[in-house]
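Counted from 1, the sequence shown has number 284 at position 284 by our numbering; the numbering is strictly sequential.
Worksheet: the structure to be examined is printed underneath.
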Amino acid sequence: MRSLRPGRVARVMILDGEREHRHEMVVALHACYDVEDYLDGRLALDRAYTLRPDLILIDENVGPDGGLQVIHSLVRDPLLREIPFICTTAVVDTGFATEALRLGARQVLRKPFRVGVFLQAVSSTLNRRIEDSWEELEPVQRDALRNTLSVFNGIADTLSGTAELPFRQVKAGCASLVEAVTNAHFRDVLSGVRDYDNYTYAHSLRVATFLAVFGHGIGLRDNDLMVLTSGGLMHDVGKIGIPHRILNKPGRLDDGEWHIMRSHVTRTADVLRSCIGVPNGALVVAEQHHEKLDGTGYPNGLKGTQINNLARMAAICDVFGALTDRRAYKAPMPAEKALTIMVNMGQALDPYLLRLFRDILLDQGDQLEL
Numbered sequence: 001m002r003s004l005r006p007g008r009v010a011r012v013m014i015l016d017g018e019r020e021h022r023h024e025m026v027v028a029l030h031a032c033y034d035v036e037d038y039l040d041g042r043l044a045l046d047r048a049y050t051l052r053p054d055l056i057l058i059d060e061n062v063g064p065d066g067g068l069q070v071i072h073s074l075v076r077d078p079l080l081r082e083i084p085f086i087c088t089t090a091v092v093d094t095g096f097a098t099e100a101l102r103l104g105a106r107q108v109l110r111k112p113f114r115v116g117v118f119l120q121a122v123s124s125t126l127n128r129r130i131e132d133s134w135e136e137l138e139p140v141q142r143d144a145l146r147n148t149l150s151v152f153n154g155i156a157d158t159l160s161g162t163a164e165l166p167f168r169q170v171k172a173g174c175a176s177l178v179e180a181v182t183n184a185h186f187r188d189v190l191s192g193v194r195d196y197d198n199y200t201y202a203h204s205l206r207v208a209t210f211l212a213v214f215g216h217g218i219g220l221r222d223n224d225l226m227v228l229t230s231g232g233l234m235h236d237v238g239k240i241g242i243p244h245r246i247l248n249k250p251g252r253l254d255d256g257e258w259h260i261m262r263s264h265v266t267r268t269a270d271v272l273r274s275c276i277g278v279p280n281g282a283l284v285v286a287e288q289h290h291e292k293l294d295g296t297g298y299p300n301g302l303k304g305t306q307i308n309n310l311a312r313m314a315a316i317c318d319v320f321g322a323l324t325d326r327r328a329y330k331a332p333m334p335a336e337k338a339l340t341i342m343v344n345m346g347q348a349l350d351p352y353l354l355r356l357f358r359d360i361l362l363d364q365g366d367q368l369e370l
């Protein structure tokens with residue numbers, strides 16, 4: 001099996017004449033992105049020719065001539081004008097904000113802003129370019145990405161209490177993904193989220209894809225395959241709302257952080273139970289995918305025959321996905337190395353199902369060369 005090609009961490013440039021504010025933005029972003037910061041706009045634009053940033057943050061008061069001059073230089077340059085930019089200012093109702101938006105700023109943020117608002121603005125701007133690239137895919141692959149993302153956005157509304165999410169919408173969102181897997185045309189679905197700046201969504205879509213491949217490979221069809229795939233897409237939705245600093249922490253979580261992270265299982269189950277018409281199979285996948293055959297898993301320490309077969313399959317796909325995912329702090333692990341590690345996990349994973357999973361992946365050939 002060929003190794004998975006690494007995704008690339010997004011490059012972000014910060015242009016701000018205020019040292020303290022610039023430092024705060026660097027601290028907020030450095031865990032997830034490659035960040036360079038500048039107090040001189042001219043030097044920053046010179047650097048942009050070689051860095052080719054994915055996003056530029058431009059403050060109104062960046063030196064030496066102010067943010068508007070930087071923006072004018074940026075949008076007039078044929079080599080730089082396609083780079084998206086976000087602006088920051090202390091007072092939004094000045095002429096700067098109006099002119100920045102007219103010239104193409106994706107957003108204008110008023111200082112001081114909350115870190116969560118700032119990170120969401122950066123993430124959504126980076127993702128817009130990736131989502132635009134989906135237009136070039138074949139319809140079934142494009143729809144698999146669009147529809148599953150729409151499901152995730154609906155989940156966010158459910159968590160905020162502003163909407164209910166019938167499970168039929170989840171299944172409908174997964175229909176194109178199942179079709180892509182059934183026809184062995186899912187490679188572009190996986191590569192379509194390689195650099196997507198929402199790890200929970202990207203990981204969940206990958207796990208759902210691997211589960212669909214696994215389920216189809218062992219003979220599941222129609223509603224059974226749809227339930228398994230839908231459970232994979234929804235298995236981690238409880239992570240929505242967990243702080244970025246915990247989700248993206250490169251080192252070991254402390255006890256408090258680990259408690260918060262583990263809570264995503266019960267949070268996910270609560271979300272699913274609030275969905276109208278959720279099938280038991282999808283709920284089982286969510287509730288048991290962190291249980292281990294030897295009883296060392298969570299949240300309930302189930303062991304052996306207490307763990308449902310669908311959950312055993314989900315556990316395998318979840319671990320494989322986590323090992324081969326691209327994160328801000330690590331390149332994706334080659335598939336063969338990941339499978340070797342999984343085999344050596346003792347009785348944590350079902351050994352029979354793991355052998356089946358490996359054989360099915362090998363049969364997919366180039367579809368898994370991300």
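Virtual Cβ for every residue (Gly too), placed ideally from N, Cα, C.
- Scanning the segment 272–297 from its first residue to its last, the whole alpha helix (DSSP H) runs of 4-plus residues come out as 280–288.
- A straight line joining the alpha-carbon of residue 132 with that of residue 278 spans about 32 angstroms.
- In this structure, the alpha-carbon of residue 306 lies about 10 angstroms from that of residue 295.
- For residue 36, DSSP records a beta bridge to 13.
- Per the coordinates, the alpha-carbon of residue 143 lies some 10 angstroms from the alpha-carbon of residue 149.
- In the same chain as residue 51, and ignoring 5 residues on each side of it, the C-beta atoms closer than 8 angstroms to its own belong to 11, 13, 36, in chain order.
- With respect to the 9 angstroms criterion, residue 167 and residue 201 are not classified as neighbours on the basis of their beta carbons.
- Boundaries of the beta strand (DSSP E) around residue 110: 108–110.
- Look at residue 59 here: in three-state DSSP terms it is strand.
- About 13 angstroms separates the CB atoms of residue 94 and residue 59; that is not less than 8 angstroms, and the two are not in contact.
- For residue 243, the number of other beta carbons within 10 angstroms of its own is below 16, and it is reported as exposed.
- Straight across, the Cα-Cα distance linking residue 337 with residue 359 is about 15 angstroms.
- Counting only runs of at least 4 residues, the segment 143–206 fully encloses the following alpha helix (DSSP H) elements, listed from N- to C-terminal order: 167–182, 187–192.
- The DSSP-derived three-state label of residue 327 is strand.
- As the crow flies, the alpha-carbon of residue 267 is around 11 angstroms from that of residue 274.
- In summary, residue 264 is buried, with 16 or more beta-carbon neighbours lying within 10 Å of its beta-carbon over all protein chains present.
- Here residue 180 has 140, 141, 144, 186, 189 as same chain residues with Cβ atoms under 6 angstroms from its own Cβ, once five neighbours each way along the sequence are excluded.
- Membership of residue 89 in the beta strand (DSSP E) is indicated by the continuous run 85–89.
- Taking the CA atoms as reference points, residue 252 sits about 44 angstroms from residue 73.
- Look at residue 360 here: in three-state DSSP terms it is helix.
- At the C-beta level, residue 228 and residue 281 come within 9 angstroms of one another.
- Under the criterion of beta carbons closer than 8 angstroms, residue 231 and residue 314 qualify as touching, at roughly 7 angstroms.
- The Cβ-Cβ distance between residue 196 and residue 248 does not fall below 9 angstroms.
- Distance between residue 333 and residue 344, taken at the CA atoms: about 16 angstroms.
- Segment contact: the segment 346–355 against the segment 20–35, fewer than three CB-CB distances shorter than 8 angstroms; contact not assigned.
- DSSP, reduced to helix, strand and coil, places residue 309 within a helical segment of the structure shown.
- Residue environment for residue 347: exposed (fewer than 16 other C-beta atoms within 10 angstroms of its C-beta).
- Rounded to whole angstroms, the gap between the alpha carbons of residue 341 and residue 85 is 41 angstroms.
- Annotation for residue 127: 196, 197, 198 place their beta carbon closer than 8 angstroms to its own, counting only its chain and skipping 5 residues before and after.
- The beta carbon of residue 134 lies closer than 7 angstroms to those of 142, 145, 146, 192 in the same chain, with the five residues before and after it left out.
- The straight-line gap separating the alpha-carbon atoms of residue 209 and residue 335 is approximately 15 angstroms.
- Per DSSP, the unbroken alpha helix (DSSP H) holding residue 337 starts and ends at 335–343.
- Residue environment analysis places residue 324 among the buried positions, since at least 16 neighbouring C-beta atoms fall within 10 angstroms of its C-beta.
- With a threshold of 16 other beta carbon atoms within 10 Å, residue 308 meets it and is buried.
- Put simply, the backbone Cα of residue 165 is about 14 angstroms away from that of residue 174.
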